[in-house]
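Positions in the sequence shown are counted from 1; adding 903 to them yields my numbering.
Backbone N, C-alpha and C define an ideal beta-carbon position, used for all residues, glycine too.
In what follows, a structure is listed as structure tokens, so that the remarks can point back to it.
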Amino acid sequence: MVLRIVKYGDPVLEAKAEPISEFGTPELKQLVEDMFETMYANKGIGLAAPQVALSQRLTVIDPSAGEDPNARLVLINPEILVKEGSQIGEEGCLSIPGFREDVKRAYKVRLRAQNVDGEFFETDGEELLARAMQHEIDHLNGVLFLSHLSILKRDLIRRKIRKLVKAGEWE
Ligand code: GNR
Ligand code: NI
904 MVLRIVKYGD PVLEAKAEPI SEFGTPELKQ LVEDMFETMY ANKGIGLAAP QVALSQRLTV
964 IDPSAGEDPN ARLVLINPEI LVKEGSQIGE EGCLSIPGFR EDVKRAYKVR LRAQNVDGEF
1024 FETDGEELLA RAMQHEIDHL NGVLFLSHLS ILKRDLIRRK IRKLVKAGEW E
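So, in structure tokens, the structure goes:
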């Protein structure tokens, strides 16, 4: 089932999400499937639970956007262990449609997370995968890519969004 993605302005996007404590349930497995379906339907490479209005520490990532079945990654209660280097690249967010800006991120990250059965694993990513991991973990902390922009750029985007809200063209 494709879920509704909430947009910038919804408080759930700026709240710190709660850790998941119940694993292996049919509900959790279904939620993960629905999140992949929602992400692919919207041509995203990542999706965090707060974007579907659930304040839980769960995110799905697929930098191949569905092209490579082995690229699917489910991260539950993820923690960044190590960050290395830096990269600057264009970033967008399904909750802030129509806006893309350059964001500076670590080039490489190593993280620890749990899978749907609650098993801990470590994994790492570089380049776009590392960027998506950092973007999604930010979501779990209530942080949007706008926070990484200059105040000037951030306020410009906020003002544009306020206009869209007034015109009834947002959410
Ligand atoms: O689809 C997405 N593309 C993207 C591009 C660069 C950096 C991060 C991302 S994640 C984004 C989907 C999204 O909003 N995930 O939270
Ligand atoms: Ni996003």
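Rounded to the nearest whole angstrom, the C-alpha separation of P914 and H1038 is 18 Å.
Per DSSP, the beta-bridge partners of G1028 are V1012. In the three-state scheme derived from DSSP, where H, G and I count as helix and E and B as strand, N980 is classed as strand. L984 counts as exposed, since fewer than 16 other C-beta atoms from the protein chains shown sit within 10 angstroms of its C-beta.
Annotation: L1047 to Y911 spans about 9 Å, alpha carbon to alpha carbon. Short note on L961: C-beta not closer than 8 Å to any heavy atom of the ligand NI.
Between A920 and H1042, the gap from beta carbon to beta carbon is short of 9 Å. DSSP places A951 in the uninterrupted beta strand (DSSP E) bounded by 949-951. Cβ neighbours of A918 within its own chain (closer than 8 Å, five residues either side excluded): P953, S958, G1045.
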